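Counting from 958, one number per residue, gives the positions in the sequence shown under the working numbering.
Note that the Cβ used here is the ideal one computed from N, Cα and C, for glycine as well.
Predicted model only: the values in this text are computed from it and were never measured.
First up is the structure itself, then whatever we jot down about it.
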Amino acid sequence: MSKKEDNDKFIDIDKVLKDKNPKLHKWSPPFFVNYLKKITHQERVNNILLETAYLDGFEFCRDILKRFNISLEIHGLENVPTSGKCVLASNHPLGGFDALALVQALEPKRKDLKFVVNDILLGIKPLKDLFVGINKHGKTAKDAMQEMNDLFASDQAVIIFPSGLVSRKKKGKVRDLTWKKTFVTQSKKNHSPILPVYIEGELTPFFYGLSNLRSNMGVKVNIEMLYLVDELMKQKDKTIKIIFGKPIEPSVFDKSLSDHEWADWVKDKVYDLS
């Protein structure tokens, strides 16, 4: 790998450790660093992203899903408007492939997609025109908020995972954690219909077990997220089922409930689609 390619690596465990905790990097035994590289599939992920860097967003999603032999089962696509503003609010069971699957599922109906994501995903070059970061580095809070307001005010189809985190398993059920209210607030402000979207899927018992163990021990750092890439690799040969519900008009969100409560209400509507 050339020096430029090395600098462009999406996953770079050595660099992360050096930047975030130089002392930890200095004293970390090689087997620990190598283990982190292994569970994040550093070499494979970087090679895939290098090979697909020339693709556009839709091509990239198709390519990745094809590489992992992931098929889609789509229901209710007729509920998605072909034009005009709308917000698609979805559960987030897979932590990555669910986003790619949504883009591919929606491509026949909408090319004007914008996906609200965490900043780290902005490093995937083919998706830079489809993804909008929640907390863009180098921007003030005011500028970031204005950019988000402009996005929701546009006539584009905005996709959002309101939980902001991959689903967890509690009492035998895979379900999102708390949904943030932003999508409801923006829907009311911009008179945008909300489409509930349900995605069927789950990660391995190891991931959920580690999450619950960590939570029960009172550890706040999401240690299980270290294994998310490894979990994605295990989705090979799976079928992702996506169900698009009927639009919810913004007039529904009256003052009888707070925006937080309406977000929970929409969340329940999403799971009612299952």
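Taken through DSSP and simplified to helix, strand or coil, Ala-1046 comes out as strand. In the structure shown, the three-state DSSP call for Tyr-1228 is helix. The DSSP-derived three-state label of Thr-1196 is strand. Of the residues Ser-1047, Pro-1162, Pro-986 and Leu-1057, the one whose Cα lies closest to the Cα of Glu-1016 is Leu-1057. Using a Cβ distance threshold of 8 Å, Ser-1124 and Asp-1112 do not count as a contacting pair. Under the DSSP definition of a beta bridge, Ala-1114 partners with Cys-1043 and Leu-1070.
Boundaries for Tyr-1155: no alpha helix (DSSP H) harbours it, while the beta strand (DSSP E) harbouring it runs 1151-1157, taken from the DSSP string.
Lys-1099 and Asn-1106 have their alpha carbons spaced roughly 10 Å apart. Among the bridge pairs identified by DSSP, Leu-1012 is matched with none. Boundaries for Lys-1212: no alpha helix (DSSP H) harbours it, and the DSSP string shows neither H nor E there.
Between Gly-1158 and Leu-1051, the CB-CB gap stays under 8 Å.
Going by DSSP, Glu-1188 is part of the alpha helix (DSSP H) stretching over 1185-1190.
In the three-state reduction of the DSSP assignment, Lys-1146 falls in the helix class. Annotation: the continuous alpha helix (DSSP H) that includes Lys-975 extends over 970-977. Contact annotation, Pro-1150 with Val-1223: C-beta distance approximately 11 Å; criterion of less than 8 Å not satisfied.
By the Cβ test, the segment 1073-1083 is in contact with the segment 992-1010, since at least three Cβ pairs between them sit closer than 8 Å. Put simply, the segment 1018-1034 does not touch the segment 1208-1222. Fewer than three CB pairs are less than 8 Å apart.
Ala-1010 counts as exposed, since fewer than 16 other C-beta atoms from the protein chains shown sit within 10 angstroms of its C-beta. Collapsing the DSSP output to three states places Gly-1166 in a helix. In the DSSP secondary-structure assignment, Ser-1028 is bridged to Thr-1196.
Under the 8 Å Cβ criterion, the segment 1169-1187 does not count as touching the segment 1067-1075, having fewer than three qualifying pairs. When DSSP states are grouped into helix, strand and coil, Ile-1081 belongs to the coil group. Between the beta-carbon of Ala-1220 and that of Val-1115 there is about 15 Å, and that puts the pair past the 8 Å contact cut.
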